[in-house]
Amino acid sequence: GLSARIDGSSRFGTNKQYGFFPAASLGWVVTEESFLKDQKVLSLLKPRISIGRTGNQGFADFASLGLFSGTSGYVGIPGQSPLQVANPDLKWESTTQADAGLEMGFFDNRISAEVDVYQKRTTDLALNATAPATSGFTSQFKNVGTLENKGIELSLTTRNFVGDFTWTTTVN
């Protein structure tokens, strides 16, 4: 399958309000092919791959805006002072994840296994970063971080008893 979307949010700077988030996946149930129909050992063989990008806007509201505080009066006269410096280039945090896997079933799925390899990389993490003190502020909310997770997942399931009494065991 294929999908793509463009999302916009007023939480981001005026220069970067929109993000593009595509995804693609492919799977093939090999055991449904005619060359494997008559065999009795392999009940499921399905390789699959996917890659996709998602966006995150769930961090601080109004982080891209220059805000003011109304608590800066002087000698009883109301006043305002800057509360945070604006960042018109603040944008979506973006996570790209790639997965490859293989599902297998044996003896009418009495024994089944899955192997998955994945890599997940998040870029443009939005954090309070140090700002030059000459700006009048010590920090500014910016896209400055990157995070990566990767790994292998293994799963083995056995259906030990099938009938009135059922017992299934799964190990990850």
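If you read the sequence shown in this note's numbering, its first letter stands for residue 1455, the second for the next number, and so on.
By construction, the Cβ of each residue, glycine as well, lies at the ideal position given by its N, Cα and C atoms.
About 13 angstroms separates the beta carbons of aspartate 1578 and glutamate 1602, which is beyond the 8 angstroms limit, so they are not a contact pair.
With respect to tyrosine 1528, glutamine 1551 sits apart: the two C-beta atoms are not nearer than 8 angstroms.
Between phenylalanine 1591 and asparagine 1541, the C-beta spacing is not below 8 angstroms.
In the three-state DSSP reduction, valine 1571 falls in the strand class (E or B). Residue nearest to leucine 1581 within the set Asp1562, Ser1593 and Glu1607 is Ser1593 (criterion: CA-CA distance).
Residue pairing for tryptophan 1621: DSSP places it in a beta bridge opposite Phe1615. For the region 1535-1584, the continuous beta strand (DSSP E) assignments of 3+ residues that do not extend past its boundaries occur at 1535-1538, 1547-1560 and 1565-1584, in sequence order. Per DSSP, reduced to three states, the secondary structure at phenylalanine 1489 is helical.
Taking 8 angstroms as the cut-off, the beta carbon of leucine 1544 is found closer than this to the beta carbon of asparagine 1597. For arginine 1507, the enclosing beta strand (DSSP E) has its first and last residue at 1496-1510. Sequence-distant Cβ neighbours of valine 1484 in its own chain, meaning closer than 8 angstroms and more than five residues away, are Leu1490, Leu1499, Lys1500 and Pro1501. Within the model, the alpha-carbon separation for leucine 1608 versus serine 1566 is close to 11 angstroms.
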